[in-house]
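These protein sequence lines are chains A and B, in that order. Counted the way the working numbering counts, the first sequence spans residues 1 to 309. Counted the way the working numbering counts, the second sequence spans residues 1001 to 1309. Heads up, the beta-carbon is just placed ideally off N, CA and C, and yes, glycines get one too. For reference, the structure discussed in these notes is given below.
Number of protein chains: 2
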Amino acid sequence: MTDLSLPARLRAAADLTEARLVAALADAPLPGERLRPPRLLDAMRHGSLDGGKRLRPFLVIEAAALFGLAPEQAVTAGCALECVHCYSLIHDDLPSMDNDLLRRGRPTVHAAFGEATAILAGDSLLTLAFDLLSGPDAHPDPARRIELVRVLARASGLGGMAGGQILDLAAEGRFAGGTRLALTLGQIRDLQAMKTGALLAAAVDMGAVLGGAGPEARAALAAYGRAVGAAFQIADDILDLEGSAEAMGKAVGKDDGAGKATLVAALGRAAAGALLADLVRDAQAALIPFGARGAVLAEAARFVAERQA
Amino acid sequence: MTDLSLPARLRAAADLTEARLVAALADAPLPGERLRPPRLLDAMRHGSLDGGKRLRPFLVIEAAALFGLAPEQAVTAGCALECVHCYSLIHDDLPSMDNDLLRRGRPTVHAAFGEATAILAGDSLLTLAFDLLSGPDAHPDPARRIELVRVLARASGLGGMAGGQILDLAAEGRFAGGTRLALTLGQIRDLQAMKTGALLAAAVDMGAVLGGAGPEARAALAAYGRAVGAAFQIADDILDLEGSAEAMGKAVGKDDGAGKATLVAALGRAAAGALLADLVRDAQAALIPFGARGAVLAEAARFVAERQA
């Protein structure tokens, strides 16, 4: 599918991801499972199927494509990452976290199934991510599969995404009697690099691991991933400021009211826009070693920065 | 330590587990982590350190010992399993689940840190489990490490422990307007095999994987693990009926009030006690292929059935 346009490639990756997720969430138990409770399966499906742009699996697939892998050879790892992303949305939406009732234009999992089921659906999607990475369809070589586990776990846990979420709650003053904390620019960068950036960077790194990238190629892609991760969050914050709830499929304008720590709030809209353009250039510069093969990821960096939803 | 008594071996395994967990929860971020937020680390430590008998790591260590592995060669895998166990306790204790304020004689994580932090501490311990399995100190061979990931994920997820928790909540009538469900014996067995049994069986299976067990030895240990898992739950239910809150370090007598589906309630105390004795005999019979080397696990089966806390 090398000749397809970026939107077509995004759609193809999303379709492949959806099909793999549907298969992973089939009714029938796998060897080693006793049965799959229908209520839990339904909640997991509600929180993961038919949702979002599937940007993270797309990045896994396109990074792996730099090394000659077909999308089908990268989609299971992409699905594992997407399971982690979806679990994080389910848990972040909970009443004790961001207390959101709407996500992707639909009721959040706890709004539809109740809090206990939502917690367990998130837990089970996180667990499923590692189950997916453990099988030979993630990659035939066990050494690459276990490296995928390492990358995904480290990006998702206390020093990555989950750590970023607690920093975000702390910034809102949730642990200090409602007083919003004044973060430094460095602290906002840490928070966002962990909460959003880590998983996007992991997507690209997982593609590099799948492709058997050498140290230099892996480092170049890591630089790309960090820049795209930072750009994504700034674009998200600008969208929250300027986008419509209809296009976003969720509540917008919440950041200001909740006292969210964003670079847009700290730097102002104009400076944040300039930083966003710099990050896109950084991301594209990191791809130079890949020559013409890097064109899709270069365009993806621009897409991430300019998306409207 | 082959000559030590069972209590001494349990204590030695617990000490080794504690030291490995303390190291895994150090302040310093690992490569690939940006920083470790102190509040999240504290909550993870509260929910995992200085707690419990460490029965699951003990079973990993002793099953691996059947194949000549030293405790130090099995403790990282044991810690991974213990992280999953501890995460499950943190989430099960949440207000929207079992709503417990006391665990191991201390405030539960949400009682001490609030609900949002408790959810994230559980999520992060689950994630840490797979991080621990991804490194060479879990086992030098990547093929064995990825098989450990497979076993642990499948025992913990929707077809295992998490699935068992949702069946348990359903049995209490939590999704049907407060009406307790009348489960069949088979349904109670499914629930308990998933909620408690899956992780205990995984402990023994992970020891078998670490030790490079052939199919017959692995199947024998799986039979042992299933029997011990079932025995553990019956013993737990009897303790809930007859034990003291002081010895248990948590609220007891809750099962009856909450309408918990237990085999003790379904069969009566005498028949459940007879079943428990049968399960210990089943567990011990499964060890016959291992000859004298199986003595520690045989004694462990009796210990699980007769423990007083």
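Straight through space, the alpha carbons of L1181 (chain B) and H46 (chain A) are spaced by roughly 25 Å.
In this structure, A74 (chain A) sits near L210 (chain A), with a CB-CB distance shorter than 9 Å. Residue contact with chain A for V1204 (chain B): absent (no Cβ-Cβ distance below 9 Å to any residue of chain A). Around the C-beta of P57 (chain A), 16 or more other C-beta atoms lie within 10 Å, and the residue is accordingly described as buried.
Of all residues in the region 14–40 of chain A, the ones placed with a Cβ closer than 9 Å to any Cβ belonging to chain B are L25, P29, L30, P31, G32, E33, R34, L35, R36, P37, R39, L40, in chain order. Across the set A:L297, A:A309, A:Q308, A:A305, the C-alpha of A:L297 shows the shortest separation from the C-alpha of S5 (chain A).
According to DSSP, R1106 (chain B) shares a beta bridge with B:R1103. The beta carbon of L1221 (chain B) sits no closer than 9 Å to any beta carbon of chain A.
The C-beta of Y87 (chain A) comes closer than 9 Å to at least one C-beta of chain B.
For the pair D1137 (chain B) and R1145 (chain B), the Cα-to-Cα distance works out to about 10 Å. With respect to chain A, the C-beta atom of T1108 (chain B) has no partner C-beta closer than 9 Å. The residues I234, L263, V264, in chain order, have a CB closer than 6 Å to that of A272 (chain A) in the same chain once the five nearest residues on each side in sequence are set aside. Just measuring C-alpha positions, the residue of B:G1163, B:G1214, B:G1051, B:L1167 sitting nearest R1104 (chain B) is B:G1051. Contact between L94 (chain A) and H110 (chain A) is confirmed by a C-beta separation of about 6 Å, below the 8 Å threshold. Taking 9 Å as the cut-off, the Cβ atoms of G1197 (chain B) and G1229 (chain B) count as close. T117 (chain A) sits close to L1169 (chain B), with the two beta carbons spaced by under 9 Å. Residues of chain A with a Cβ closer than 7 Å to the Cβ of E1115 (chain B) are, in chain order, S96. Using a Cβ distance threshold of 9 Å, L25 (chain A) and T76 (chain A) do not count as a contacting pair.
By the beta-carbon neighbour count (other beta carbons within 10 angstroms, threshold 16), L49 (chain A) is exposed. The contact set of H1091 (chain B) on chain A, defined by CB atoms closer than 8 Å, consists of I119, L120, D123 in chain order. For R1281 (chain B), the uninterrupted alpha helix (DSSP H) segment begins and ends at 1269–1286. The three-state reading of DSSP puts E1306 (chain B) in helix, counting H, G and I together.
Annotation: the continuous alpha helix (DSSP H) that includes F1130 (chain B) extends over 1115–1134. For the C-beta of I166 (chain A), the chain B residues within less than 7 Å are, from N- to C-terminus, P1037, R1039, L1040, T1117, L1120. H139 (chain A) sits in coil when the DSSP states are folded into three classes, being neither helix nor strand.
Think of a sphere of 7 Å around the beta carbon of D190 (chain A): the chain B residues whose beta carbon falls inside it are R1034, L1035, in chain order. Note on A1028 (chain B): under 16 other CB atoms within 10 angstroms of its CB, so exposed under the neighbour-count rule. Put simply, the CB of R56 (chain A) is far from chain B, with every gap to its CB atoms at 9 Å or more.
Residue nearest to L10 (chain A) within the set A:F113, A:L35, A:R54, A:G160 is A:R54 (criterion: CA-CA distance). Residue B:R1154 holds the alpha-carbon nearest to the alpha-carbon of G32 (chain A) among B:A1012, B:V1060, B:E1062, B:R1154. Under the Cβ distance rule, D1282 (chain B) does not count among the residues neighbouring chain A, no pair being separated by less than 9 Å.
Residue contact check for S1134 (chain B) against chain A: a CB pair falls below 9 Å. Judged by their CB atoms, I1166 (chain B) and A1266 (chain B) are not nearer to each other than the 9 Å cut-off. Within the same chain, V60, A63, A64 come within 6 Å of G207 (chain A) by CB-CB distance, once the 5 residues on both sides are set aside. The C-beta distance from E72 (chain A) to L16 (chain A) rounds to 7 Å, short enough to fall under 8 Å.
Among the residues facing chain B, D137 (chain A) is not included, as its CB has no counterpart in that chain under 9 Å away.
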